[in-house]
Amino acid sequence: MWRSAILLLLLSASVRAWDGAAVELATQMRAAGLDSNECYQVRNLVFTKEDIRFYLTEGFLIFGKPVDGRRRSAVFVAEVEAGDAEVLVFPPSRSERLSLARTAGSPNLSEHFKLAVMIFSDDTYETLSRQIQEAGEPRRSPERGVLLEESWAGIVRNLTSSFETRLVHDALAADGTAKGFFHAAVSGANLGNFDLVYDPL
Numbered sequence: 513m514w515r516s517a518i519l520l521l522l523l524s525a526s527v528r529a530w531d532g533a534a535v536e537l538a539t540q541m542r543a544a545g546l547d548s549n550e551c552y553q554v555r556n557l558v559f560t561k562e563d564i565r566f567y568l569t570e571g572f573l574i575f576g577k578p579v580d581g582r583r584r585s586a587v588f589v590a591e592v593e594a595g596d597a598e599v600l601v602f603p604p605s606r607s608e609r610l611s612l613a614r615t616a617g618s619p620n621l622s623e624h625f626k627l628a629v630m631i632f633s634d635d636t637y638e639t640l641s642r643q644i645q646e647a648g649e650p651r652r653s654p655e656r657g658v659l660l661e662e663s664w665a666g667i668v669r670n671l672t673s674s675f676e677t678r679l680v681h682d683a684l685a686a687d688g689t690a691k692g693f694f695h696a697a698v699s700g701a702n703l704g705n706f707d708l709v710y711d712p713l
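This note's numbering puts the sequence shown at residues 513 to 713.
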């Protein structure tokens, strides 16, 4: 708790010291929204954040518009026949397992979901984009992208604003991507809405 509070204070102090270019970067991040031309129908994408593993079995994935050359958001929706996704969480320590058991009813988490809104400053975009390209001809769907942009751009902007300090900090840091964070707001089949966060700091 103290470590998190100290980190927040340090980041806040950094923001106050940033120049106009950094303020402009923050403004661009808030306004970026989603990119309808970067929407794909995807199948069997898998990515891992340490003890958290995501399986995007079938659905649509739309990425945020780039700011300063990087995309920092994505939305997955399982709005297709047989659409589905799953997240698995295996906490490594006993205390973490007990904490998860108190909140989710199990020391490990296995939850299917139809929606995930993701904000990140790590290599999530590069990881997912590479898998999409390696799967063969990408099934780009700009028409669905327009609909998803209309539905979820506001939510993405709100979440981006919540993480604005960290996003700008990582964008300006020399090792920002290597130490970047990942946040997913998930709508689970059994647990309802919940958040998952991976942060190496």
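For glycine and all other residues, C-beta sits at the position ideal for the given N, C-alpha and C.
Residues bridged to residue i (per DSSP)
i, result
"D596", "E570"
"G700", "F625, G704"
"Y710", "F694"
"R457", "The structure shown has nothing for residue 457, since the chain only spans 513 to 713."
"A538", "Answer by DSSP bridge pairing: none, since A538 is not bridged."
"I564", "K561, V601"
"G576", "L546"
The beta strand (DSSP E) enclosing residue i, as first and last residue numbers
i, result
"T560", "546-561"
"A586", "585-589"
Where the alpha helix (DSSP H) through residue i begins and ends
i, result
"V680", "676-684"
"S641", "636-646"
Same chain, Cβ closer than 7 Å to residue i, five either side skipped, listed in chain order
i, result
"G589", "A small correction: the amino acid at residue 589 is Val; Gly does not occupy that position in the sequence shown. Excluding residues within five positions, the ones whose Cβ falls inside 7 Å are G571, F572, K626, L627, L660."
"A538", "E676, V680"
"S699", "F625, K626, L627, N705"
"R651", "Y552, Q553"
"D580", "L537, A683"
"L568", "V554, L557, F588, A597"
"E591", "G571, F572"
"A616", "L703"
Spatial distance of residue i from residue j (CA atoms)
i, j, result
"V668", "G545", "6 Å"
"E562", "A597", "18 Å"
"R614", "V587", "28 Å"
"E649", "N556", "15 Å"
"K577", "L610", "39 Å"
"H624", "V709", "17 Å"
"L600", "N620", "8 Å"
"T689", "T636", "10 Å"
"S618", "E608", "11 Å"
"A683", "S674", "16 Å"
"R606", "A534", "41 Å"
"F706", "A685", "29 Å"
"S622", "A594", "18 Å"
"D634", "K691", "7 Å"
"D687", "M541", "19 Å"
"D752", "V658", "Lying outside 513 to 713, the shown extent of the chain, residue 752 is not represented and no answer is given."
"P603", "E550", "33 Å"
"R751", "S663", "This structure does not reach residue 751, given that the chain is present from 513 up to 713, and the question cannot be answered."
"R565", "Q643", "15 Å"
CB contact check: residue i to chain B, cutoff 9 Å
i, result
"A697", "Note that chain B does not occur in the displayed structure, where there is just one protein chain."
Own chain, CB closer than 8 Å to residue i, minus 5 neighbours either side, in chain order
i, result
"L671", "S585, V629, I631, H695, A697"
"T639", "F559"
"A701", "E623, H624, F625, K626"
Close Cβ partners of residue i (< 6 Å) along its chain, the five nearest in sequence each way excluded
i, result
"A665", "G545, L546"
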